[in-house]
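To start, the structure itself, in structure tokens.
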Amino acid sequence: MTRSSYLSAALFICLFQLTILKKSVAANLKPGHPKIDFFKDPQYLKGGYEEIHSFDLSYKSGPLPGLRYVKPGAGLAYIICYPNNLKDWTAQVKAIKDRKLRYEAQENEVSKQVIKIAQEPALQRQYRIFAFFIPADHVVETNTKQRKITMPKFPCNISVYKKTAAGWTFIKEAKIKELRDYAYLLYKTIDPPQSLKP
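Residue numbers for the sequence shown follow my numbering, beginning at 1098 and rising by one.
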């Protein structure tokens, strides 16, 4: 074998091993967080109000636009849309309440208003949007007199995603032991502007 042939063979082997190594590393580092477009299928969404608060309850946000994503076999996500202009959103909430609708009618009106955020990318730019996703194996269904409620089964791992122009980006995972931990996770993740904190 000539020196040139030897070098070519050695280079080929190195490149082949590097390819295998990259695949191995990618497999080992694969986080296992599903890529989900929470806004793709409206039938899995219900709009409403959510609230975030600090650990010691010294800060409460008031009603914020929120969505529940429930997809059988996939899981449950709470989606919080924090308005860039909180004053405008508060005025919208007041306008709905001032109409003094019956509870169910008010619920439907709020849901329609919030669902618009999921449907209109231009509207999404007016919010900081986070999804807190719990996989199906940590979700339970509870029946009440009025409805069936889907909720997380603690302890569980919650995957946090942020909505960007490019889609939903995974940002972190948190181990949640109880409901209070979940409330604190929302507050720390969304991190309300300092001017709105006490």
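Beta carbons are placed, not taken as given, at the ideal position from N, Cα and C, and that holds for glycine.
All of these numbers come straight from a predicted model, not from anything done at the bench.
Around the beta carbon of L1276, fewer than 16 other beta carbons sit within 10 angstroms, so the residue counts as exposed. Rounded to the nearest whole angstrom, the CA to CA distance from P1139 to S1155 is 35 Å. Assignment of beta strand (DSSP E) within the segment 1125 to 1174, counting only whole runs of 3 or more residues, yields 1142 to 1147 and 1161 to 1168 in chain order. Under the Cβ criterion (8 Å, minimum of three pairs), the segment 1213 to 1227 counts as touching the segment 1177 to 1189. In the DSSP assignment, K1285 falls within the alpha helix (DSSP H) that extends over L1276 to I1287. A check of alpha carbon separations from P1169 across S1208, I1246 and K1209 identifies I1246 as the nearest. Using a 10 angstroms sphere on the CB of G1144, the tally of other CB atoms reaches 16 or more, which defines it as buried. Our two residues, L1283 and I1149, have alpha carbons roughly 6 Å apart in a direct line. Within 10 angstroms of the beta-carbon of T1286 lie 16 or more other beta-carbons, which makes it buried. At least 9 Å separates the beta-carbon of S1151 from that of Y1279. Note that the C-beta distance between K1272 and F1227 is not below 9 Å. One alpha carbon belongs to P1131, the other to F1267, and they sit about 9 Å apart.
Burial is judged here by how many other beta carbons sit within 10 angstroms of a residue's own beta carbon; P1232 has at least 16 and is buried. Under the rule that a run must span 4 or more residues, the alpha helix (DSSP H) segments found entirely inside the segment 1180 to 1209 read 1183 to 1195. In summary, G1172 is buried, with 16 or more beta-carbon neighbours lying within 10 Å of its beta-carbon over all protein chains present. DSSP, read as helix, strand or coil, puts A1271 in strand.
By the 16-neighbour rule on beta-carbons within 10 angstroms, V1237 is exposed. Around the beta carbon of A1262, a 10 Å sphere encloses fewer than 16 other beta carbons of the protein chains shown; the residue is thus reported as exposed. Boundaries cannot be given for P1252, as no alpha helix (DSSP H) includes it and DSSP labels it neither H nor E. DSSP places A1219 inside the alpha helix (DSSP H), whose first and last residues are P1218 to Q1221.
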